[in-house]
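Before any comments, here is the structure.
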């Protein structure tokens, strides 16, 4: 039972345009969400997070939006750059009642074309 | 700026062999984690240590054991390796719950 779902395995955008990566969740106990970026042969790197008391969090070119009623969050990257090409994972703590346990989505491979 | 260091980076084992994956962090973090990542899958938590002296099971603990040796080090042991344990293993650390986790670059483990 996937509690965090990233339904798009891949996304391709042109440099300078907006990239929108989506994530859905089923567990209404989730109250904090994180996005990680992963390059090949490297570990994931934390990108941005959002608490459920907010509906938007912005950090430079990266903005995360949270729609609690729809159990949906999205990561917007504007403008997209070739260096943004990576796999993006959304994740949420409080799996099985422990805030230490992160549940990850399967990831979306973003390709930004020059 | 080492962050989280994992050794070895690559390993090939035969079925039934044992081995220990090592992880050390230099960020003075309280919590440490072991994940595995399989093709087409997200990261799945094997074990975690909320603080020095404690360990708890994650989502996929069967076939593994862990030791929180001290605040810096958290090892993962495969007592009798099986082909199903072929994966990329990531160690991570964080200050605590709800804090971003910092990951090592992974150990690529193949079991024949």
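Residue numbers (the working numbering), protein chains in the order written: chain A, 894 to 1007; chain B, 0 to 111.
For every residue, glycine included, the Cβ atom is placed at its ideal position computed from N, Cα and C.
Query	Result
Does DSSP classify residue 917 (chain A) as helix, strand or coil?	strand
If you measure from the beta carbon of residue 994 (chain A) to each beta carbon in chain B, is any gap under 8 Å?	yes
Counting C-beta neighbours from all protein chains within 10 Å, is the total for residue 960 (chain A) 16 or more, i.e. buried, or is it exposed?	exposed
So, are the CB atoms of residue 973 (chain A) and residue 915 (chain A) less than 8 Å apart?	no
So, residue 943 (chain A) versus residue 952 (chain A), is the Cβ gap smaller than 8 Å?	no
Check the Cβ of residue 9 (chain B) against every Cβ in chain A and list those closer than 7 Å, keeping chain order.	Those within 7 Å of residue 9 (chain B) in chain A number zero; the least Cβ separation is about 11 Å.
Going by alpha carbons, who is nearest to residue 6 (chain B) out of B:15, B:110, B:109, B:103?	B:103
Kindly list, in the order they appear in chain B, the residues whose Cβ is closer than 9 Å to that of residue 939 (chain A).	99, 100, 101, 102
Which residues in chain B have a C-beta closer than 9 Å to the C-beta of residue 903 (chain A)? List them in chain order.	The premise fails here: residue 903 (chain A) is roughly 12 Å from chain B at the closest Cβ pair, so nothing lies under 9 Å.
Determine the extent of the beta strand (DSSP E) in which residue 76 (chain B) is found, giving its start and end residues.	73 to 77
Just list the residues that DSSP pairs residue 91 (chain B) with in beta bridges.	B:32, B:102
Applying a beta-carbon distance threshold of less than 7 Å, which residues of chain A neighbour residue 1 (chain B)?	Within chain A, no residue comes near residue 1 (chain B); the closest Cβ sits about 13 Å away, beyond 7 Å.
Kindly say whether residue 927 (chain A), judged by its beta-carbon, lies nearer than 8 Å to any beta-carbon of chain B.	yes
Does residue 934 (chain A) pass the burial test, meaning 16 or more other C-beta atoms within 10 Å, or should it be called exposed?	exposed
Of all the options A:955, A:926, A:947, which has the alpha carbon lying nearest to the alpha carbon of residue 917 (chain A)?	A:926
Beta-carbon separation of residue 981 (chain A) and residue 1004 (chain A) under 8 Å?	no
Buried or exposed for residue 984 (chain A), please, with buried defined as at least 16 other CB atoms from any protein chain shown within 10 angstroms of its CB.	buried
Give me the Cβ distance between residue 907 (chain A) and residue 1006 (chain A), rounded to the nearest whole Å; I'm assuming they're in contact under 8 Å.	6 Å
Going straight from the alpha carbon of residue 98 (chain B) to that of residue 14 (chain B), what length do you get?	37 Å
Give me the chain A residues within the contact set of residue 96 (chain B), using Cβ-Cβ distance strictly less than 7 Å, ordered along the chain.	986, 992, 993
Taking the beta strand (DSSP E) that residue 950 (chain A) falls in, what are its first and last residues?	949 to 952
Rounded to a whole number of angstroms, what is the C-alpha to C-alpha distance between residue 897 (chain A) and residue 904 (chain A)?	18 Å
Which partner residues of residue 3 (chain B) appear in the DSSP bridge assignment?	B:24
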